[in-house]
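Presented below is the structure to which this report refers.
Residue numbers (this note's numbering): 122 to 316.
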């Protein structure tokens, strides 16, 4: 019997296949923060919400009034789990923020200090702010991958940076697919092939 070592996908992207019928994940691009035997955690990076940073700051600290800049900073829907919890994904920078998880060349920060710094124009130069996250129990993502629900997209740090922080939301999914040589996601089959 052949055994294989599990392949974990931390720091990669997941592209929802066109036949994904779950509306929470249809046409999404997810950055995987963690993938291990215990499960997986990620952030949807191409689904902006109607919430702004000013909306969040008003709830956290109503006085003083949030800056004008914060009224124009959009927030993403990171996923259906703990939708009241905020995350800031950003490249490593010289400032240290509380509650930071280091992810290779990226940091994930979940503390308020980074939000206030961004609102004042003093935070990281590049960032993605999300409310909520996407989570999978042990073995769940592996089953979904075997069922051809997701396309995995490993990228070099430079390519990942470009998609996360330079591409407009509406172009991220297609941009990630093109990095894999897929020019039209809708032409991909939902059938899993076996040799």
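For glycine and all other residues, C-beta sits at the position ideal for the given N, C-alpha and C. As the structure is a prediction and not an experimental result, all values here were calculated from the model.
At what residues does the beta strand (DSSP E) containing residue 137 begin and finish? It spans 134-137 - the beta strand (DSSP E) in which residue 137 sits, taken as one unbroken run.
Could you give the residue range of the beta strand (DSSP E) that holds residue 208? 202-212
Cβ neighbour criterion (16 or more within 10 Å) applied to residue 124: Because the pLDDT at residue 124 is just 44, under 50, the model does not fix this residue reliably, and the value given afterwards should be weighed accordingly. Classification for residue 124: exposed.
Assuming residue 239 is part of the alpha helix (DSSP H), what are its boundary residues? 233-240
Identify whether residue 140 lies in helix, strand or coil by the three-state DSSP scheme. coil
Please classify residue 245 as buried or exposed, where buried requires at least 16 other C-beta atoms within 10 Å of its C-beta. Burial check for residue 245: the Cβ neighbour count within 10 Å reaches 16 or more, so the residue is buried.
Which residue's Cα is closest to the Cα of residue 305: 208, 253 and 148? Answer by Cα proximity: 148.
Does the beta-carbon distance from residue 191 to residue 240 come in below 8 Å? yes
DSSP beta-bridge partners of residue 166: Partner(s): none; residue 166 has no beta bridge.
So residue 280 and residue 293 are supposed to be a Cβ contact under 8 Å. How far apart are they, rounded? With a Cβ gap of about 12 Å, residue 280 and residue 293 do not count as contacting.
Which first and last residues belong to the beta strand (DSSP E) in which residue 227 is found? 227-230
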